[in-house]
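**Q** Below is the structure I would like to discuss, written out as structure tokens.
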Amino acid sequence: MLTIKALHIIFVVSWFAGLFYLPRLFVNHAMVEDAATRERLAMMEMKLYRFMTPLGILAVVLGFWLWFGYGFTGGWLHAKTLLVVFLIGYHLYCGRLLRAFAEGRNTRSHVWFRVFNEIPVLVLFVVVFLVVLKPF
Numbered sequence: 012m013l014t015i016k017a018l019h020i021i022f023v024v025s026w027f028a029g030l031f032y033l034p035r036l037f038v039n040h041a042m043v044e045d046a047a048t049r050e051r052l053a054m055m056e057m058k059l060y061r062f063m064t065p066l067g068i069l070a071v072v073l074g075f076w077l078w079f080g081y082g083f084t085g086g087w088l089h090a091k092t093l094l095v096v097f098l099i100g101y102h103l104y105c106g107r108l109l110r111a112f113a114e115g116r117n118t119r120s121h122v123w124f125r126v127f128n129e130i131p132v133l134v135l136f137v138v139v140f141l142v143v144l145k146p147f
């Protein structure tokens, strides 16, 4: 089970790297004017999304494996699970934003994306404290 836990942590960290960087690319994409840079950013966003999606899937699958190995007990784990569900929705919404950029349909400002970019950071703080402190 410790191997599964280690792999889970590795895939969570890797998935979060993508969740941190993709919205940052959106900030830059929302600010650029020239078509060549927009096209390059759209390509980078798509490649990153395709890379981070399997990492997120593996993180969630290994998390389920840990549930079955250790059990699903404690209010902290219920709260963490709710936050993971939220992150999955955030990830999928990033995919919608990516497609909007690729199709030239983005209507959001770079300021909006700067705020949007902070959401996974806040979720990570809460999840780490829940896992380490197990407050309830």
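Heads up, the sequence shown is in our numbering, so the first residue is 12 and it goes up one at a time.
Built from N, CA and C at the ideal position, the CB exists for glycine as well.
Only a predicted model underlies this, so the values are computations on that prediction, with no experimental measurement involved.
(1) For the alpha helix (DSSP H) that contains glycine 100, what are its first and last residues?
(2) Since isoleucine 15 and leucine 66 are thought to touch, with beta carbons under 8 Å apart, how far apart are those beta carbons, to the nearest angstrom?
(3) By the DSSP assignment, the alpha helix (DSSP H) with lysine 145 in it spans what residues?
(4) Please list, in chain order, all residues of the same chain as alanine 90 whose beta carbon is under 7 Å from its beta carbon, the five residues on each side excluded.
(5) Would you grab the beta carbon distance between asparagine 117 and alanine 41 for me? Rounded to a whole angstrom, and I think it's under 8 Å.
(6) Taking the alpha-carbon of valine 24 as reference, which of Leu144, Val134, Trp78 has the nearest alpha-carbon?
(7) Got a sec? Which residues, its chain only, sit under 7 Å from tryptophan 76 by beta carbon, not counting five neighbours each side?
(8) Beta-carbon separation of leucine 109 and methionine 57 under 8 Å?
(9) Beta carbon of leucine 59, beta carbon of leucine 36: below 8 Å?
(10) Looking only at its own chain, which residues have a Cβ that is under 7 Å from the Cβ of serine 120, when we skip the five neighbours before and after it?
(11) Return the chain-ordered list of same chain residues with a C-beta closer than 7 Å to the C-beta of alanine 70, the five sequence neighbours on each side being excluded.
(12) Quick check: glycine 80 and methionine 12, are their CB atoms within less than 8 Å of each other?
**A** Looking at the coordinates:
(1) The sequence position of residue 100 within the sequence shown is 89, counting from 1. 86-113 is the span of the alpha helix (DSSP H), which, as asked, contains glycine 100.
(2) Counting from 1 along the sequence shown, the entry for residue 15 is found at position 4. Counting from 1 along the sequence shown, the entry for residue 66 is found at position 55. At roughly 16 Å, the Cβ-Cβ gap does not stay under 8 Å, so isoleucine 15 and leucine 66 are not in contact.
(3) Within the sequence shown, residue 145 is the residue found at index 134, counting from 1. Neither: lysine 145 is in no alpha helix (DSSP H) and is coded neither H nor E.
(4) The residue labelled residue 90 in the question sits at position 79 within the sequence shown. Cβ within range, chain order: Leu141.
(5) For the purposes of this step, residue 117 is taken as residue 106 along the sequence shown, with counting starting at 1. For the purposes of this step, residue 41 is taken as residue 30 along the sequence shown, with counting starting at 1. Yes, they are in contact, since the Cβ atoms of asparagine 117 and alanine 41 sit about 6 Å apart, within 8 Å.
(6) As a working note, residue 24 is residue 13 in the sequence shown. Checked all of Leu144, Val134, Trp78; the closest Cα to valine 24 is Val134.
(7) The count along the sequence shown starts at 1 and reaches residue 76 at position 65. Once the five neighbours on either side are set aside, the close Cβ partners of tryptophan 76 are Ile15.
(8) Along the sequence shown, read from residue 1 onward, the residue named residue 109 stands at position 98. Along the sequence shown, read from residue 1 onward, the residue named residue 57 stands at position 46. In this structure, methionine 57 lies closer than 8 Å to leucine 109 by Cβ.
(9) The residue labelled residue 59 in the question sits at position 48 within the sequence shown. The residue labelled residue 36 in the question sits at position 25 within the sequence shown. Yes, the Cβ-Cβ distance between leucine 59 and leucine 36 is below 8 Å.
(10) For the purposes of this step, residue 120 is identified with residue 109 of the sequence shown, where counting begins at 1. Cβ within range, chain order: Ala41.
(11) Counting from 1 along the sequence shown, the entry for residue 70 is found at position 59. Contacts found: His19, Phe22, Val23, Trp26.
(12) Taking the sequence shown and counting its residues from 1, one reaches residue 80 at position 69. Taking the sequence shown and counting its residues from 1, one reaches residue 12 at position 1. In this structure, methionine 12 lies closer than 8 Å to glycine 80 by Cβ.
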